[in-house]
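Numbering (the numbering used here), first residue to last: 109 to 249. One structure is given below, encoded as structure tokens.
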């Protein structure tokens, strides 16, 4: 896997993934940025959310669950001192679908957290306390 990060101006960077997708990241004005994109640590948090949501959808698809929506809401705390690393991250999933079983969703969340989500497992092994919760919403037919 590769990525490229190119400084453009102030504290703005254009990042490009190995697969050819670009994202602008930037800092706040009080740190020389112009607030034109997410902060680098926000990107890390969003990446973790995308990783675990991706896993959950894969797991539920394999179980032939009829999922109509999946939202991962992440809430993180950071250390007060430098380096201001993540200390806690809570991920709350809202999974909607037809005929979804709570046990099935719970199992998907657990498998992602314990076995499949490289991003959250890596952060957890680095000392971040990661917790999960979920709601199942039954979609109308």
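Every residue gets a Cβ at the ideal spot worked out from N, C-alpha and C, and that includes glycine.
Alpha carbon of residue i to alpha carbon of residue j, nearest angstrom
| i | j | result |
| --- | --- | --- |
| residue 123 | residue 247 | 38 angstroms |
| residue 158 | residue 141 | 25 angstroms |
| residue 177 | residue 205 | 7 angstroms |
| residue 187 | residue 234 | 14 angstroms |
| residue 221 | residue 172 | 20 angstroms |
| residue 121 | residue 185 | 24 angstroms |
| residue 245 | residue 115 | 43 angstroms |
| residue 210 | residue 137 | 45 angstroms |
| residue 77 | residue 230 | The structure shown does not extend to residue 77, since the chain is modelled only from 109 to 249, so the question has no answer here. |
| residue 149 | residue 128 | 21 angstroms |
| residue 236 | residue 194 | 6 angstroms |
| residue 143 | residue 189 | 23 angstroms |
Other residues of its chain near residue i: CB distance less than 8 angstroms, five sequence neighbours each side excluded
| i | result |
| --- | --- |
| residue 242 | 200, 201, 202, 203, 213, 214, 217 |
| residue 239 | 196, 197, 198, 199 |
Endpoints, beta strand (DSSP E) assigned at residue i
| i | result |
| --- | --- |
| residue 205 | 194 to 206 |
| residue 117 | 111 to 117 |
| residue 130 | 130 to 133 |
| residue 239 | 237 to 246 |
| residue 216 | Residue 216 -> not in any beta strand (DSSP E); alpha helix (DSSP H) instead, spanning 210 to 219. |
| residue 190 | Taken as a continuous stretch (DSSP letters only), residue 190 belongs to no beta strand (DSSP E), as it is neither H nor E. |
| residue 123 | 120 to 125 |
Check whether residue i and residue j have beta carbons under 8 angstroms apart
| i | j | result |
| --- | --- | --- |
| residue 132 | residue 145 | yes |
| residue 155 | residue 227 | yes |
| residue 208 | residue 167 | no |
| residue 182 | residue 153 | yes |
Beta-carbon proximity list for residue i, same chain, < 7 angstroms, skipping 5 on both sides
| i | result |
| --- | --- |
| residue 180 | 157, 160, 161, 199, 201 |
| residue 139 | 119 |
Contact set for residue i: own chain, Cβ-Cβ below 6 angstroms, skip 5 residues either direction
| i | result |
| --- | --- |
| residue 109 | 126 |
| residue 135 | 119, 141 |
Endpoints, alpha helix (DSSP H) assigned at residue i
| i | result |
| --- | --- |
| residue 159 | 148 to 170 |
| residue 180 | Looking at the DSSP string, residue 180 is not in any alpha helix (DSSP H); the run it does join, the beta strand (DSSP E), is 174 to 186. |
| residue 226 | 226 to 233 |
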